[in-house]
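Okay, so here's the structure we're looking at.
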Amino acid sequence: NLQSETANGMVENVIGVMGIPLGVATNLILDGQEMLVPMATEESSVIAAVCNAAKQCRSSGGVFSSVSGTEMIAQIQLLGLPHPHQARQILLEKKDQIGKICDAIDPLLLENGGGFRDLEVRILETRGGTMVIAHLVVDTRDAMGANAVNSMAEGLAPEIENWTGGRVNLRILSNLADRRLARARAVWKLEDIGGEKVRDDMLAASWFAEADPYRAATHNKGIMNGVSAVALATGNDTRALEAGAHAYAARSGQYSSLSRWECDQNGNLVGMLEMPMAVGLIGGATKVHPMAKISLKILKTQKAEKLAQVMAAVGLVQNFSALKALATTGIQKGHMALHSKNIAMMVGAMG
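Each residue of the sequence shown is one higher than the last, beginning at 4 in our numbering.
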């Protein structure tokens with residue numbers, strides 16, 4: 004358990020420690036490997052839903068996954084530039100020098116195979132006038148990377164002001180980690196899910212979420228029930244993941260679903276999920292919180308990329324369970340069965 008001394012070193016004004024149930028999801032095959040997945044959540048039926056959905060796709064090989072990399076973005080906001088296009092060109096010309104400055108700020112990251120990778124410079128028209136926004140693209144490897152990229156942005160700011168004549172305002176990472184995507188895919192055979200009607204109603208439910216932001220918000224919340232539970236169990240930043248996920252869901256200009264559902268050539272149901280997954284195994288609570296350390300031992304993963312793949316897989320199978328429940332018995336049957344236990348405990352405690 005988290006001791007008060009440790010908690011006092013993590014946050015300010017500590018008065019206690021709040022416990023969240025930690026469970027383990029079973030039945031998941033990920034890229035041919037049996038997985039036990041720790042999940043921390045207060046919500047009934049979330050872990051059971053992952054177990055059930057993972058079991059139903061085992062006959063198809065389970066879940067398959069991939070990642071796009073481990074790059075994060077730090078943004079530097081430049082104001083007061085009479086010639087923004089010229090400033091943009093100057094910064095792009097300084098790309099190599101910028102890379103050297105960034106890598107000198109975090110030499111340990113460079114030693115571990117990470118470091119500065121690219122520079123993007125955007126001209127942004129806003130209600131307050133024209134701004135130039137520089138993006139530092141940094142490979143943070145097995146760290147989530149917030150501290151690393153923020154330090155680089157802050158360290159680089161004076162040089163950018165000298166080169167452009169502008170004034171640097173914000174220097175901060177972006178939680179829209181669209182260079183750090185995790186993807187998961189699984190096939191549920193028709194006979195394992197209850198036939199064509201169940202499949203078709205689940206597809207209709209998914210199309211509803213694709214087209215309607217009111218439905219998409221709840222659809223994606225269900226995905227994050229799984230993702231955030233693994234993040235919390237492993238000491239990762241659940242708010243950063245939520246922010247990135249919802250921003251990515253709105254990348255087309257309309258908020259939509261993070262997952263996509265289709266039929267394959269055999270009529271089976273295919274689910275796919277793609278979302279930003281900025282998670283790490285180094286720094287933050289992952290190496291401080293005792294339960295986070297235990298959770299990472301349960302997962303048996305040494306790479307942030309693998310953790311991201313696990314979380315995407317959990318999000319996908321969680322989404323399957325929610326869609327199936329909604330398209331068949333309704334969501335309340337499973338929820339209320341477990342919720343009744345909470346009520347019984349509450350009555351017992353009161354009596």
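The beta carbon of each residue, even a glycine, is placed where N, CA and C say it ideally should be.
Helix, strand or coil at residue i [DSSP, three-state]
i: cysteine 54; result: helix
i: asparagine 178; result: coil
i: glutamate 74; result: strand
i: glycine 169; result: coil
i: alanine 281; result: coil
i: methionine 360; result: Past the boundaries of the shown model lies residue 360; the chain is included only from 4 to 354, so the question cannot be answered.
i: threonine 221; result: helix
i: isoleucine 301; result: helix
i: isoleucine 104; result: helix
i: isoleucine 126; result: strand
i: asparagine 30; result: strand
i: methionine 314; result: helix
i: glycine 117; result: coil
i: valine 356; result: This structure gives no information on residue 356, because the portion of the chain shown stretches from 4 to 354.
i: valine 66; result: strand
i: glutamine 321; result: helix
i: leucine 184; result: strand
i: lysine 306; result: coil
i: glycine 333; result: coil
i: glycine 158; result: helix
i: leucine 326; result: helix
i: glycine 235; result: With the sequence shown as reference, residue 235 is identified as leucine, and glycine is not the correct amino acid for it. Leucine 235: helix per DSSP, three-state reduction.
i: isoleucine 18; result: coil
i: glutamine 257; result: coil
i: valine 49; result: helix
Bounding residues of the alpha helix (DSSP H) (the contiguous stretch that carries residue i)
i: threonine 241; result: 241 to 252
i: leucine 113; result: 110 to 114
i: arginine 91; result: 87 to 96
i: glutamate 8; result: 7 to 13
Residue(s) in a DSSP beta bridge with residue i
i: valine 273; result: Val190, Glu265
i: alanine 43; result: Leu25
i: glutamate 37; result: Ile32
i: isoleucine 79; result: Ala137, Arg174
i: alanine 146; result: Ile285
Min CB distance residue i to chain B below 7 Å
i: threonine 331; result: Checking the listed chains, one finds no chain B in this structure; it contains a single protein chain.
Residue i - containing beta strand (DSSP E), residue span
i: valine 140; result: 132 to 142
i: glutamate 199; result: Taken as a continuous stretch (DSSP letters only), glutamate 199 belongs to no beta strand (DSSP E), being part of the alpha helix (DSSP H) at 199 to 214.
8 Å contact criterion, which residue i and residue j should meet: CB distance rounded
i: alanine 307; j: glycine 283; result: 5 Å
i: glycine 270; j: leucine 193; result: 5 Å
i: asparagine 172; j: glutamine 80; result: 4 Å
i: alanine 315; j: arginine 186; result: 6 Å
i: serine 177; j: glutamate 213; result: Serine 177 to glutamate 213, Cβ: 25 Å. No contact.
i: methionine 155; j: aspartate 109; result: 7 Å
i: leucine 272; j: isoleucine 196; result: 6 Å
i: leucine 95; j: valine 124; result: 6 Å
i: threonine 44; j: isoleucine 23; result: 7 Å
i: threonine 237; j: alanine 295; result: 5 Å
i: methionine 147; j: asparagine 30; result: The Cβ separation is near 28 Å, so there is no contact.
i: methionine 280; j: alanine 311; result: 4 Å
i: valine 201; j: threonine 331; result: 6 Å
i: isoleucine 93; j: threonine 167; result: 6 Å
Are three or more beta carbon pairs between the region 53 to 64 and the region 124 to 132 nearer than 8 Å?
-> no
Any contact of the region 25 to 40 with the region 283 to 302, i.e. 3+ C-beta pairs under 8 Å?
-> yes
Would you be able to state if there are at least three C-beta pairs under 8 Å between the region 205 to 220 and the region 232 to 246?
-> no
Three or more C-beta pairs below 8 Å linking the region 245 to 265 and the region 102 to 121 = no
Report yes or no: do three or more beta-carbon pairs, one from the region 67 to 80 and one from the region 133 to 152, lie closer than 8 Å?
-> yes
Can we say the region 159 to 168 touches the region 230 to 238, given the rule of at least three CB pairs closer than 8 Å?
-> no
Taking one C-beta from the region 322 to 333 and one from the region 217 to 231 each time, how about it: are there three or more such pairs within less than 8 Å?
-> yes
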